[in-house]
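Residue numbers (our numbering), protein chains in the order written: chain E, 10 to 353; chain A, 10 to 353.
The beta carbon of each residue, even a glycine, is placed where N, CA and C say it ideally should be.
As the structure is a computational prediction, the values presented were derived from the model and not from experiment.
Note sheet for the following structure.
Number of protein chains: 2
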Amino acid sequence: MASIKDIAAKANVSTATVSYVLNGTRNVSPKTRERVLKVIEEMQYKPNTIAQSLKTKKTDTIGVIAEDVTVFNTPEIIDGIHDCAERHDLHILLVNLRLHKRIGRSFHAVDRFRDVVLSAVDELVGKQVDGMIYVGVHSRDLSGLVPPKDKPIVYTYCYADNAVSVNYDDERAAYEATQYLAGLGHRRIGVISGLIDSIPSRLRFNGFYQAVMDCGLPFDPGLIKTGDWETASGERLTRELMALPEPPTAILAMNDVMAVGVLRAAQEIGVRVPQDLSVMGFDNREFSDYLTPRLTTMEIPLHELGVQSMMALNRIIRDNGAIEEQAKPLCKLIVRDSTGPAPG
Amino acid sequence: MASIKDIAAKANVSTATVSYVLNGTRNVSPKTRERVLKVIEEMQYKPNTIAQSLKTKKTDTIGVIAEDVTVFNTPEIIDGIHDCAERHDLHILLVNLRLHKRIGRSFHAVDRFRDVVLSAVDELVGKQVDGMIYVGVHSRDLSGLVPPKDKPIVYTYCYADNAVSVNYDDERAAYEATQYLAGLGHRRIGVISGLIDSIPSRLRFNGFYQAVMDCGLPFDPGLIKTGDWETASGERLTRELMALPEPPTAILAMNDVMAVGVLRAAQEIGVRVPQDLSVMGFDNREFSDYLTPRLTTMEIPLHELGVQSMMALNRIIRDNGAIEEQAKPLCKLIVRDSTGPAPG
DNA sequence: TCTTTGCATCTAAACGTTTAACAACCTGTA
DNA sequence: TACAGGTTGTTAAACGTTTAGATGCAAAGA
Numbered sequence: 010m011a012s013i014k015d016i017a018a019k020a021n022v023s024t025a026t027v028s029y030v031l032n033g034t035r036n037v038s039p040k041t042r043e044r045v046l047k048v049i050e051e052m053q054y055k056p057n058t059i060a061q062s063l064k065t066k067k068t069d070t071i072g073v074i075a076e077d078v079t080v081f082n083t084p085e086i087i088d089g090i091h092d093c094a095e096r097h098d099l100h101i102l103l104v105n106l107r108l109h110k111r112i113g114r115s116f117h118a119v120d121r122f123r124d125v126v127l128s129a130v131d132e133l134v135g136k137q138v139d140g141m142i143y144v145g146v147h148s149r150d151l152s153g154l155v156p157p158k159d160k161p162i163v164y165t166y167c168y169a170d171n172a173v174s175v176n177y178d179d180e181r182a183a184y185e186a187t188q189y190l191a192g193l194g195h196r197r198i199g200v201i202s203g204l205i206d207s208i209p210s211r212l213r214f215n216g217f218y219q220a221v222m223d224c225g226l227p228f229d230p231g232l233i234k235t236g237d238w239e240t241a242s243g244e245r246l247t248r249e250l251m252a253l254p255e256p257p258t259a260i261l262a263m264n265d266v267m268a269v270g271v272l273r274a275a276q277e278i279g280v281r282v283p284q285d286l287s288v289m290g291f292d293n294r295e296f297s298d299y300l301t302p303r304l305t306t307m308e309i310p311l312h313e314l315g316v317q318s319m320m321a322l323n324r325i326i327r328d329n330g331a332i333e334e335q336a337k338p339l340c341k342l343i344v345r346d347s348t349g350p351a352p353g
Numbered sequence: 010m011a012s013i014k015d016i017a018a019k020a021n022v023s024t025a026t027v028s029y030v031l032n033g034t035r036n037v038s039p040k041t042r043e044r045v046l047k048v049i050e051e052m053q054y055k056p057n058t059i060a061q062s063l064k065t066k067k068t069d070t071i072g073v074i075a076e077d078v079t080v081f082n083t084p085e086i087i088d089g090i091h092d093c094a095e096r097h098d099l100h101i102l103l104v105n106l107r108l109h110k111r112i113g114r115s116f117h118a119v120d121r122f123r124d125v126v127l128s129a130v131d132e133l134v135g136k137q138v139d140g141m142i143y144v145g146v147h148s149r150d151l152s153g154l155v156p157p158k159d160k161p162i163v164y165t166y167c168y169a170d171n172a173v174s175v176n177y178d179d180e181r182a183a184y185e186a187t188q189y190l191a192g193l194g195h196r197r198i199g200v201i202s203g204l205i206d207s208i209p210s211r212l213r214f215n216g217f218y219q220a221v222m223d224c225g226l227p228f229d230p231g232l233i234k235t236g237d238w239e240t241a242s243g244e245r246l247t248r249e250l251m252a253l254p255e256p257p258t259a260i261l262a263m264n265d266v267m268a269v270g271v272l273r274a275a276q277e278i279g280v281r282v283p284q285d286l287s288v289m290g291f292d293n294r295e296f297s298d299y300l301t302p303r304l305t306t307m308e309i310p311l312h313e314l315g316v317q318s319m320m321a322l323n324r325i326i327r328d329n330g331a332i333e334e335q336a337k338p339l340c341k342l343i344v345r346d347s348t349g350p351a352p353g
């Protein structure tokens, strides 16, 4: 590979001059510039970014630590990061923790987990990234993790105390979903929540509860069921809800995957959606448009999460820590065919 | 940030010695080793990978050029790449071309496309990656692209003449799907193919045709319909097929998204699946398990594609080009509820 | 006692850039 | 003519590592 020395030699100038024409950091006469440019072209010279970085101490690279790239939220967030990074001429070094495959779903293997994350951080710090973005898959609480001393790190799709984190407004999303159902005349709304120890589960329940109060609906604890985010739990709990003496006229499943179960159960027990029962999901997964009936759901602003994370990181790197609190990106109600006016 | 010099000074040794204990490249007496290690620990020293790379001319980093990380095949392939890269202590520099957002679906903006790819390659070459993997989204033919002179590059989920590319066996997958349907007694099998100018469309048709011949089924060109990979086309073409004087008893849609349309059409015109009509998809997208009925489909070995690409690249880098042809990864038949014995 | 051998450690160059400091030259002005 | 000021170019150090070769020293062999 041709180096700047080769160019300098062939163009009969010093390496400094070549560097100046390359970066435009100083005037160089038109005729030498031309000469240098011609040689560069001829030899197909590309500056060695590694050497540049060593000298300038800037890599223009940010590290992205993804808990699992195969989980639905991650690609969209990374896309958002890229979208923004591109405009600042930043590159992405990706570390994929492969959490599911590595330590399974037992998120309680905390010590193992810590090691994995910390070694990823070390790796990126060694590579001299300018900063890092951590992309979670389940809004886990990462407060226990020691943040790296010198390198800025932004967390998204997860929570971490005493650290910059970017998240959508879960509470408000659930509030709006509930409000929408109430607006259709539903007064008894069943809820199938996710695992109760997850932060989004709590936030979404809060939003639901607040909306129930604000809309003047009766609050019936019997209508609140705790699932595990999987289809089977949605199916099972829907049967329970519909077997109630006074069953709900709408069910809000806290993710689309469980909503699939709701739909299945409804079909099996002969409840028509949306005539007898309105069903809502959460996430706006691609498949929600493929279900019958098409699923009404809340869209999570994943792309925006990526963009905002990148912007936040950039502010920290550039302005060195002027972290102004940003408004949380909002979810968006996607109305399809699984919801309708309350019966009767 | 502490450098090797700081460590050397504090431990009263030369930088060489520190380097030797770090890399184990030369014997160093137990007591100095201990001393050095202690200082390293104290100062939380992490070697500067950039400087190492400059000296050793190895970055242990491979570049991944993804046409679009948000398309379903890409995350799984990247996961496979990571899976394999990890075992060789290689890191991933990710470039996301964001093809859909950038140049839309007009894949005919070829010149623009060339520029985008080539500048991504330049970027990675500048960053001194040891090699590159190009991850397509649609098995496009990339032969027109000039490969970089010195850096090895492996293509996957796309085709490129005169270059190493890793792909699953499309023809055989369609063959097996057809064979499976024939085995259920279906003799008139409808096909809804994707856009005809795509390589997989052609390969899959070949596989289908071969199986029809081998199984002794009649070949009726009227049963072959050309879609555009989208749901609406699946729906429309199914209506056409079922309106035939002698309609098929099974439909093979060449992707799951179109299969959704097939199921919709069937439901609307009152054809029962699988009693009256067997339906098969292709891809085994996550949602295929959420449809009613659950969709029988062919799973593409995406993870394996990633692994094999990484292995191929590694062989080129290490053994410097000893490219032994590898067997193509095979698709896997996933039998669910949308297929059954031919009626009558 | 003087070599020889082997081990532990050090010296210094090199990797490919950037950039401060300097040198040479030209131009215009007093 | 002399000199200030501007322009264009060069020199060489520095970034943080690795590593070939040199050096010093102790133990072993003559």
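The beta-carbon of E295/E is placed less than 8 Å from the nearest beta-carbon of chain A.
Residue contact check for M289/E against chain A: no CB pair falls below 8 Å. The alpha-carbon separation between L31/E and R42/E amounts to approximately 9 Å. A straight line joining the alpha-carbon of G72/E with that of V125/E spans about 15 Å.
Here the region 315-322 of chain E lies against the region 82-92 of chain E, with 3 or more beta-carbon pairs under 8 Å apart.
Neighbours of T306/E in chain A, taken as residues at a C-beta separation under 8 Å, are lacking, since the least C-beta distance is about 13 Å.
For M10/E, the neighbours in chain A by C-beta distance under 8 Å run, in chain order, D159. When DSSP states are grouped into helix, strand and coil, E308/A belongs to the strand group. Here the alpha carbons of S62/E and N82/E stand approximately 32 Å from one another.
Linking N21/A to R44/A through their CA atoms gives a straight-line distance of about 9 Å. One alpha carbon belongs to G199/A, the other to F296/A, and they sit about 22 Å apart. Between I208/E and S148/E, the C-beta gap is smaller than 8 Å, which places the two residues in contact.
Residues of chain E whose Cβ lies closer than 7 Å to the Cβ of L300/A are, in chain order, Y299.
Within 10 angstroms of the beta-carbon of N264/A lie 16 or more other beta-carbons, which makes it buried. By the Cβ-count criterion, R213/A is buried, with 16 or more other Cβ atoms from all chains shown falling within 10 Å of its own Cβ. Residues of chain E with a Cβ closer than 7 Å to the Cβ of G236/A do not exist; the shortest Cβ-Cβ separation is about 16 Å. Residue ranges of uninterrupted beta strand (DSSP E) with 3 or more members, entirely inside the region 99-167 of chain A and ordered along the chain, are 100-105, 140-144, 162-165.
When C-beta atoms of the region 231-247 of chain E are compared with those of the region 260-278 of chain E, three or more pairs fall below 8 Å, so the two segments count as touching. In this structure, I201/E and V104/E do not form a Cβ contact; the two beta carbons are roughly 34 Å apart against a cut-off of 8 Å. Judged by beta-carbon spacing, L106/A lies within the 8 Å limit of D77/A, meaning their Cβ atoms are closer than that value. Residue environment: S210/E is assigned as buried (16 or more neighbouring CB atoms within 10 Å of its CB, all protein chains considered). Within 7 Å of the CB of L193/A, no CB atom of chain E is found; the nearest one sits about 24 Å away. For D92/E, at least one C-beta of chain A is nearer than 8 Å to its own C-beta. Shown here, S12/A sits in coil according to DSSP, grouped into three states, outside any helix or strand.
Looking at I343/A, S347/A, G353/A, I16/A, the one whose alpha-carbon comes closest to that of A183/A is I343/A. In this structure T65/E is not in contact with H100/E, their Cβ atoms being roughly 15 Å apart against a cut-off of 8 Å.
Beta-bridge annotation (DSSP): D292/E is paired with E308/E. Restricting attention to beta strand (DSSP E) runs no shorter than 3 residues, the region 231-274 of chain A encloses them at 233-235, 259-262, ordered along the chain.
Put simply, of Y166/A, G135/A, G153/A, Q219/A the residue whose alpha carbon is nearest the alpha carbon of D159/A is G135/A. In the DSSP secondary-structure assignment, V200/E is bridged to I233/E, L261/E.
Proximity of the region 253-264 of chain A to the region 275-294 of chain E falls short of the contact definition, fewer than three beta-carbon pairs being nearer than 8 Å.
Our two residues, V163/E and G279/A, have alpha carbons roughly 53 Å apart in a direct line. Checking the DSSP bridge columns, you'll see I59/E has no partner listed. Neighbours of P84/A in chain E, taken as residues at a C-beta separation under 8 Å, are given in chain order as V78, T79, T83, P84. A distance below 8 Å separates the beta carbons of P310/E and Y177/E.
Annotation: the continuous beta strand (DSSP E) that includes A75/A extends over 70-75.
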